[in-house]
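K.L.:
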Amino acid sequence: MNLTKRNNGYYYIEFFDVIENRIKKVSTRTRNKKEAELYINRFQAKDVPNNSCQSISLSKFRDEYADFIGATHSKKYLSSIELAFRQLIRFAGNIQINSIKECRKGAYCNIVSRR
-11 MNLTKRNNGY YYIEFFDVIE NRIKKVSTRT RNKKEAELYI NRFQAKDVPN NSCQSISLSK
49 FRDEYADFIG ATHSKKYLSS IELAFRQLIR FAGNIQINSI KECRKGAYCN IVSRR
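With the working numbering applied, the sequence shown covers -11 to 103.
1. Smallest Cα separation from LYS21: which of TYR0, GLN75, LEU46?
2. Here's the rule: buried if 16 or more other CB atoms are within 10 angstroms of the residue's CB, otherwise exposed. What is ARG50?
3. Counting only the same chain and skipping the five closest in sequence on each side, list residues whose C-beta sits under 8 Å from that of ARG19.
4. For PHE4, which residues from the same chain have a beta carbon less than 7 Å from its beta carbon, with the 5 sequence-adjacent residues on both sides left out?
5. Any heavy atom of the ligand NAP closer than 7 Å to the CB of ARG10?
6. Rounded to whole angstroms, what's the CA-CA distance from LYS13 to LEU26? Just pull it up for me.
7. Is it right to say LEU71 is buried, meaning 16 or more other beta carbons lie within 10 angstroms of its own, or is it exposed?
8. Is the beta carbon of PHE79 sitting closer than 8 Å to the one on TYR65?
9. From the DSSP output, in three-state form, read off ASN98 for me.
10. Over the uninterrupted alpha helix (DSSP H) stretch that includes GLU23, give me the two end residues.
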């Protein structure tokens, strides 16, 4: 966690949110550095909005997505989506969706584009 000051004069706490995989900023609601340091000492995870999302496997997501688009899209589109998911599962395995890293996405896209 870092304490930063923005142009508006307020201090913010910057931290990495594992769930959303990005840096978040929370205002300390003060322009006084000592008060901001006290706030960061009291700052806990309960002050951060909790987005409780459960990770699911690729195969479960594939099934849910196929059911979702089955009624609104053509059979040809559905078969192309199923092919893409089969290739992804063959490449990466039946892993949890939130464990897919950026480098793995890039490697998969490179392999698919070569075909």
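C-beta: ideal position from N, C-alpha, C; glycine also.
P.N.:
Working from what's here:
1. TYR0
2. Of the residues assessed, ARG50 falls on the buried side of the cut-off, its CB having 16 or more other CB atoms within 10 angstroms.
3. Within the same chain, ARG19 has close Cβ partners GLY(-3), TYR(-2), TYR(-1).
4. ILE11
5. Absence of the ligand NAP is noted for the structure shown, with no ligands found whatsoever.
6. Cα-Cα distance, rounded: 17 Å.
7. exposed
8. With respect to TYR65, PHE79 sits apart: the two C-beta atoms are not nearer than 8 Å.
9. helix
10. 21 to 30
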